[in-house]
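Q: Below: one structure in structure tokens.
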Amino acid sequence: MTAASPSEKAATGGLRAQLAPFSLHFVGNQADWEQPFREAYFHNTLGQARIAIGFGVFYFSLFAILDLLVLPERLLEAWVCRFGVFLPAGLMVLALSFHKSFMGFYQGALAFLVLLGGSGVIYLTTLTSQTDSYLYYAGLILAFMFGYGFAKLRFVTATCCCWTLVLIFEVVEFTVNHPSLKGLLSNQFFFIGANIVGMMICYHQEKSARLAFLLQNQLAEQNALLLSHNQNLAKLTNLDGLTKVANRRHLDQFFHQAWKQCLDERHPLAIIICDIDVFKQYNDHYGHVAGDDCLIKVAKALSQSVRRANTLVGRYGGEEFAVVMAGAYTEEAQTVAERIRQAVQQLALPHVKSETKVVTLSLGVAAAVPSQYLTQRELFQCADSALYEAKLAGRNQVKVGQLIKA
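FYI, the numbering for the sequence shown is 1248 to 1653, going by our numbering.
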């Protein structure tokens, strides 16, 4: 009963479900799944359990009609069993099923009802004559069906419960009913056979539920892992491989999306273009390895200087960076640009070919409220022209392009 079929291995992604042979509990490195499975099983079967309780109470009470025909002289005892014992117990368990703590004892509560109902049927056999007792024996088969299937008891609970009923039946048969040998053997075959069939059905139902639960959770874990990988991949494809800020493609996409949003909402949009001063001479003097290290440090300084929502820092060219700021007016963009300039200068990266003797930035700023009379290209060219002015004015400074007052 414990060997995993190829379909089961396929269903669990090639990983064999680790289940205890009899109890079906998750074991080994899957033991942590046991409690989550029980919680999921409870929530998945609670609705059916309530229907089972209601149906069981109704059907057990409905058999009072049989009592009228078979037990007219002992009707009070039969109806006390049905309406004085089982009916209140069933309604009480049904009411408790709506309480938040029911999950902690619902298997025991359902098993109690199965035992109570089955014991009630056995008790009713003691009230009849030997010739009529068979009319109630069928009710015990219904109790087995209820326990192994309808009530959604787990395998161990259902098995213990239903075999306990068989044991109670045997005791009552030998001590009270004293049936004929033919009747005794007939009942043994039916009740033991019903239990064996019920066990097989219940076992495979629970095993299937556990395999489905394991598969569902493994798929959820794999999907979460895949989503994480996809997010990391998307992040990597949007980043510049050297500086780890946005690459030009992502920067252009962000600029386009920000433009559309600001156009729709009539909000301003600013762009800052930054260029490392005399970087070619830096590379020629210090080498490309030092040049790459310089780019990395400058990009980090830019990112740390721009702590703002709806803003993206990206590498636009070899030594050129850009900052797109949605919702920013000229004054705010100029302030951010000056903060960036100071942050890079304070890195104090040696640059003997520069007049300042350290690495510096020149920055051009442009801001406007997007409209049908202004294009993205025009705003970018305005910032680029401001950068050119900063270079002509001696570098290491911020210049603001004049386009549309924003």
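Glycine included, every Cβ here is placed at the ideal spot set by N, Cα and C.
Let me know the secondary structure DSSP gives residue 1320 once reduced to three states.
A: Taking the first residue of the sequence shown as position 1, residue 1320 is located at position 73. Correct three-state label for residue 1320: coil.
Q: Which residue marks the beginning of the alpha helix (DSSP H) containing residue 1308, and which one marks its end?
A: If you number the sequence shown from 1, residue 1308 lands on position 61. Where residue 1308 is concerned, the enclosing alpha helix (DSSP H) stretches over 1281–1309.
Q: Using a threshold of 7 Å, state whether the C-beta atoms of residue 1572 and residue 1582 are closer than that.
A: Counted from its first residue, the sequence shown places residue 1572 at position 325. Counted from its first residue, the sequence shown places residue 1582 at position 335. Contact flag unset, no.
Q: Give the single residue among 1579, 1602, 1608, 1279 whose Cα lies nearest to the Cα of residue 1589.
A: Stepping through the sequence shown from its first residue, residue 1589 is reached at position 342. Of the listed residues, the one whose Cα sits closest to residue 1589 is 1608.
Q: For the candidate residues 1477, 1506, 1293, whose alpha-carbon lies nearest to that of residue 1223?
A: Any answer about residue 1223 is impossible in this case: the structure gives the chain only from 1248 up to 1653.
Q: Which residue marks the beginning of the alpha helix (DSSP H) containing residue 1552, and which one marks its end?
A: Position 305 of the sequence shown, counted from the first residue, corresponds to residue 1552. 1535–1552 is the extent of the alpha helix (DSSP H) around residue 1552.
Q: How many angstroms separate the CA atom of residue 1306 from the CA atom of residue 1317?
A: In the sequence shown, residue 1306 corresponds to position 59, counting from 1. In the sequence shown, residue 1317 corresponds to position 70, counting from 1. Their backbone Cα atoms lie some 17 Å apart in a straight line.
Q: Alpha carbon to alpha carbon, what distance is there between residue 1549 and residue 1503?
A: Within the sequence shown, numbered from 1, the residue matching residue 1503 stands at position 256. Within the sequence shown, numbered from 1, the residue matching residue 1549 stands at position 302. Taking the straight line from one Cα to the other gives about 21 Å.
Q: Hey, how far is the Cα of residue 1428 from the Cα of residue 1363?
A: Position 181 of the sequence shown holds residue 1428. Position 116 of the sequence shown holds residue 1363. So the alpha carbons of these two residues sit roughly 27 Å apart.
Q: How would you write the range of the alpha helix (DSSP H) that residue 1511 sits in, first residue to last?
A: Against the sequence shown, residue 1511 aligns to sequence position 264. Where residue 1511 is concerned, the enclosing alpha helix (DSSP H) stretches over 1495–1512.
Q: Would residue 1650 and residue 1615 be called neighbours here (beta carbons separated by less than 7 Å)?
A: Residue numbering aside, residue 1650 sits at position 403 when the sequence shown is read from its first letter. Residue numbering aside, residue 1615 sits at position 368 when the sequence shown is read from its first letter. Cβ distance < 7 Å, so residue 1650 and residue 1615 count as in contact.
Q: Helix, strand or coil, according to DSSP, for residue 1570 in the structure here?
A: Looking up residue 1570 in the sequence shown gives position 323. In the structure shown, residue 1570 sits in a strand (DSSP, three-state: E or B).
Q: Following the continuous beta strand (DSSP E) through residue 1558, name the residue where it begins and the one where it ends.
A: Residue 1558 sits at position 311 when you count from the first residue of the sequence shown. It spans 1558–1562 - the beta strand (DSSP E) in which residue 1558 sits, taken as one unbroken run.
Q: Beta carbon of residue 1612, beta carbon of residue 1647: below 7 Å?
A: In the sequence shown, residue 1612 corresponds to position 365, counting from 1. In the sequence shown, residue 1647 corresponds to position 400, counting from 1. Contact: yes.
Q: Would you kindly check if the distance between the Cβ of residue 1570 and the Cβ of residue 1519 is under 7 Å?
A: Here residue 1519 refers to the residue found at position 272 when the sequence shown is read from its first residue. Here residue 1570 refers to the residue found at position 323 when the sequence shown is read from its first residue. For residue 1519 and residue 1570, yes; Cβs fall inside 7 Å.
Q: Have a look at 1463, 1442, 1486, 1575 and flag the residue whose alpha-carbon is nearest the alpha-carbon of residue 1508.
A: As a position in the sequence shown, residue 1508 is number 261, starting the count at 1. Sorting 1463, 1442, 1486, 1575 by C-alpha distance to the C-alpha of residue 1508 places 1575 at the top.
Q: Going by C-alpha to C-alpha distance, which of 1296, 1371, 1285 sits closest to residue 1326?
A: For the purposes of this step, residue 1326 is identified with residue 79 of the sequence shown, where counting begins at 1. Cα-wise, what sits closest to residue 1326 is 1371.
Q: If you follow the beta strand (DSSP E) that residue 1611 is part of, which residue opens it and which one closes it?
A: Residue numbering aside, residue 1611 sits at position 364 when the sequence shown is read from its first letter. That run of the beta strand (DSSP E) goes 1608–1615.
Q: Assign residue 1345 to one of two classes, buried (16 or more other C-beta atoms within 10 Å of its C-beta) or exposed (fewer than that).
A: Position 98 of the sequence shown, counting from 1, holds the residue named residue 1345. Exposed, by the Cβ-count rule.
Q: I'd like to check one pair, residue 1311 with residue 1460: are the Cβ atoms closer than 7 Å?
A: The residue given as residue 1460 occupies position 213 in the sequence shown. The residue given as residue 1311 occupies position 64 in the sequence shown. It is not a contact, given that the beta carbons lie outside the stated cut-off.
Q: Does the distance between the C-beta of residue 1385 and the nearest non-hydrogen atom of the ligand NAP fall short of 6 Å?
A: Looking at this structure, you won't find the ligand NAP or any other ligand, since it has none at all.
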